[in-house]
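*Asks:* Sharing a structure here in structure tokens format.
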Amino acid sequence: MTSVDKYINIDHMPDNGRTVSWIKAARKDFEDFPPGAQVEMARALTVVAAGGHPEIAKPLTGLGSGVLELALKHRGDAFRVVYVLQINTDIWVVHAFQKKSKSGITTPKAEIDLIRESLKRLKEALR
Numbered sequence: 723m724t725s726v727d728k729y730i731n732i733d734h735m736p737d738n739g740r741t742v743s744w745i746k747a748a749r750k751d752f753e754d755f756p757p758g759a760q761v762e763m764a765r766a767l768t769v770v771a772a773g774g775h776p777e778i779a780k781p782l783t784g785l786g787s788g789v790l791e792l793a794l795k796h797r798g799d800a801f802r803v804v805y806v807l808q809i810n811t812d813i814w815v816v817h818a819f820q821k822k823s824k825s826g827i828t829t830p831k832a833e834i835d836l837i838r839e840s841l842k843r844l845k846e847a848l849r
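In terms of the numbering used here, the sequence shown opens at residue 723 and continues consecutively.
This is the structure we're talking about:
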């Protein structure tokens, strides 16, 4: 798998939960988030890995079932992490970004296009 990098953060994994894996670009973008936003998103992903549904999670419509978005406001900025539940046994984080759109809560089309491309590449890499 050249385009997919797998990261597992043992400190944030429940003993009986699913593994959280990352597309390399999503992990890199996530690491650019402020530390406080990273902590909150990591907590939410831990809830997902344990089989729960964090309060900041919502379905991302138009991308198929099992694609969800964590939406966090942190110090006046908006951050998003998109993950997919139904590709294999792992929870895959496919995209992370700071939302800068002035279009309300709608995810910008450019970000949706990047998410679609990441999902396509992930499915191909895991075949």
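Glycine included, every Cβ here is placed at the ideal spot set by N, Cα and C.
8 Å is my cut-off, CB to CB: does Arg749 come that close to chain D?
*Replies:* As a matter of chain content, chain D is missing from the structure shown, which is built from one protein chain.
*Asks:* To the nearest angstrom, report how far apart Leu836 and Ala747 are at their CA atoms.
*Replies:* Taking the first residue of the sequence shown as position 1, residue 836 is located at position 114. Taking the first residue of the sequence shown as position 1, residue 747 is located at position 25. Looking at the two C-alpha atoms, the distance is approximately 11 Å.
*Asks:* Output the boundary residues of the alpha helix (DSSP H) element that contains Phe752.
*Replies:* Translated into the one-based positions of the sequence shown, residue 752 becomes position 30. Taken as a continuous stretch (DSSP letters only), the alpha helix (DSSP H) holding Phe752 covers 746-753.
*Asks:* Please report how far the alpha carbon of Gln820 lies from the alpha carbon of Leu790, in whole angstroms.
*Replies:* Residue 820 sits at position 98 when you count from the first residue of the sequence shown. Residue 790 sits at position 68 when you count from the first residue of the sequence shown. For Gln820 and Leu790, the distance between alpha carbons rounds to 16 Å.
*Asks:* State the beta-bridge partners of Arg802 as determined by DSSP.
*Replies:* By 1-based counting over the sequence shown, the position of residue 802 is 80. Paired residues: Ala793, Phe819.
*Asks:* Would you say the segment 779-789 touches the segment 748-756, given that touching needs at least three Cβ pairs under 8 Å?
*Replies:* As far as the Cβ criterion goes, the segment 779-789 does not touch the segment 748-756, which means the pair count is below three.
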